[in-house]
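**Q** Sending over a structure as structure tokens; questions will come in a sec.
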Amino acid sequence: MVKAVESKLLRWLRVPPEPAPPEGTPGSVLVFRAGRNYWRWRILCWALAQFGILLLVLFPLLPLFTRKTPLAGFALSALLATEAALLLAYLIALFLTYHAQRLDYELRWYIVTDRSLRIRSGIWSVAETTMTFANIQDLRITAGPLQSYLGLADLEVSSAGGAGAKEPGASTSHLARFSGVDNAEAIRDLIIDRLKKYRDAGLGDQDEPELSPEQSAQELLAEARALRAAAEAHYPKTSS
């Protein structure tokens with residue numbers, strides 16, 4: 013029943029199917045998910061928000077308990093009819109938003125290959141980010157106090173210019189975020205290891221146009237920064 017409802021909701025929202033793996037060898041594809049505590053935190057925030065909305069829906073009934081002279085006749089009928097309509101709309105929204113929260117959690121795709129990574133999130137507005145290892149410059153783990161308590165963290169991967177997507181329909185971004193994962197350090201170490209192998213193998217240099225001296229200097233500078241970022245990611249000075 014739940015799966016049927018969520019399937020219909022996905023069709024109604026026109027959410028595309030699971031993303032294709034980004035550029036890389038098929039055997040290297042790894043898919044990561046947000047941590048279970050990330051779902052618990054999201055559902056807690058959702059429940060608190062729904063409770064607040066319920067109080068607003070019920071607020072018009074307050075005069076029934078505070079007026080010295082109770083409402084009667086048409087005024088009472090109009091109030092009760094309005095409240096019934098509001099409660100019905102609230103229950104429908106409660107049902108739909110709960111399943112939307114579940115889908116938003118379950119449809120977070122964090123995909124890493126030996127050459128690139130791809131992140132897709134969202135159901136109301138689907139966002140997909142693709143980044144090749146040739147453009148990665150920095151990896152950073154962040155976690156607030158509550159995230160640390162829940163055993164979660166965000167892994168932020170930044171690129172030189174976001175020009176790494178070579179596949180049709182793939183968007184690029186200067187920042188890719190693995191949000192709410194409970195194995196951020198393991199994902200970071202995996203990307204660093206594959207990034208090193210990628211660059212040691214000289215991948216990404218084939219069929220590229222000849223660069224001007226200025227462009228070559230810029231690429232050398234970008235590579236130097238990337239290597240420095242990778243080293244600092246292995247041994248971060250501070251990690252929260």
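The sequence shown begins at 13 in this note's numbering and counts up by one. Just so you know, even glycine gets a beta-carbon here, dropped at the ideal spot from N, CA and C.
(1) Sorted by chain position, which residues of the same chain lie with C-beta nearer than 8 Å to Glu222's C-beta, five sequence neighbours on each side aside?
(2) Once you ignore the five residues that flank Tyr117 on each side, which residues in its own chain have a CB closer than 8 Å to its CB?
(3) Measuring straight from C-alpha to C-alpha, what distance separates Tyr122 and Ile131?
(4) Out of Phe145, Leu76, Ser160, state which residue places its alpha-carbon closest to the alpha-carbon of Leu91.
(5) Just the C-alpha distance for Leu60 and Leu164, rounded to the nearest angstrom, thanks.
(6) Relative to the C-alpha of Arg211, which residue among Thr125, Ala146, Gly36, Glu35 is closest?
(7) On the premise that Phe71 lies in contact with Phe190, defined as a C-beta separation below 8 Å, what is that separation, rounded to the nearest angstrom?
(8) Considering Cα atoms alone, identify which of Val41, Ser133, Ala112 is closest to Arg120.
(9) Quick check on the DSSP output: the alpha helix (DSSP H) that includes Asp116 runs from which residue to which?
(10) With Ile204 and Val169 assumed to form a contact (beta carbons below 8 Å), what rounded beta-carbon distance in angstroms separates them?
(11) Measure the beta-carbon distance from Asp150 to Gly36 and round it to whole angstroms, keeping in mind my assumption that it falls under 8 Å.
(12) Whole angstroms is fine: what's the gap from Met143's alpha carbon to Ala188's?
**A** Working from what's here:
(1) What you label residue 222 is simply residue 210 of the sequence shown in a count that begins at 1. Confidence at Glu222 is low in this model, with a pLDDT of 49, below 50, so the placement of that residue is unreliable and no value is reported for it.
(2) Here residue 117 refers to the residue found at position 105 of the sequence shown. Contacts found: Ala46, Tyr50, Trp51, Arg54.
(3) As a first step, residue 122 must be located in the sequence shown, where it is residue number 110. As a first step, residue 131 must be located in the sequence shown, where it is residue number 119. For Tyr122 and Ile131, the distance between alpha carbons rounds to 5 Å.
(4) Here residue 91 is taken as the residue at index 79 of the sequence shown, counted from 1. When only C-alpha atoms are compared, the closest one is Leu76.
(5) As a first step, residue 60 is located in the sequence shown; it is residue number 48 there, counting from the start. As a first step, residue 164 is located in the sequence shown; it is residue number 152 there, counting from the start. So the two alpha carbons sit approximately 21 Å from each other.
(6) Stepping through the sequence shown from its first residue, residue 211 is reached at position 199. Among Thr125, Ala146, Gly36, Glu35, the Cα nearest to that of Arg211 belongs to Ala146.
(7) Walking along the sequence shown from the start, residue 190 turns up at place 178. Walking along the sequence shown from the start, residue 71 turns up at place 59. Incorrect: roughly 41 Å between the Cβ atoms, too far for contact.
(8) On the sequence shown, position 108 is the one that residue 120 refers to. With distances taken between Cα atoms, Arg120 lies closest to Ser133.
(9) Against the sequence shown, residue 116 aligns to sequence position 104. That run of the alpha helix (DSSP H) goes 85 to 118.
(10) In the sequence shown, residue 204 corresponds to position 192, counting from 1. In the sequence shown, residue 169 corresponds to position 157, counting from 1. Rounded, the Cβ-Cβ distance is 10 Å, inconsistent with contact.
(11) Working through the sequence shown from its first residue, we reach residue 150 at position 138. Working through the sequence shown from its first residue, we reach residue 36 at position 24. Actually they do not touch by this definition, with Cβ atoms about 21 Å apart.
(12) Position 131 of the sequence shown, counting from 1, holds the residue named residue 143. Position 176 of the sequence shown, counting from 1, holds the residue named residue 188. In a straight line, the C-alpha of Met143 is about 8 Å away from that of Ala188.
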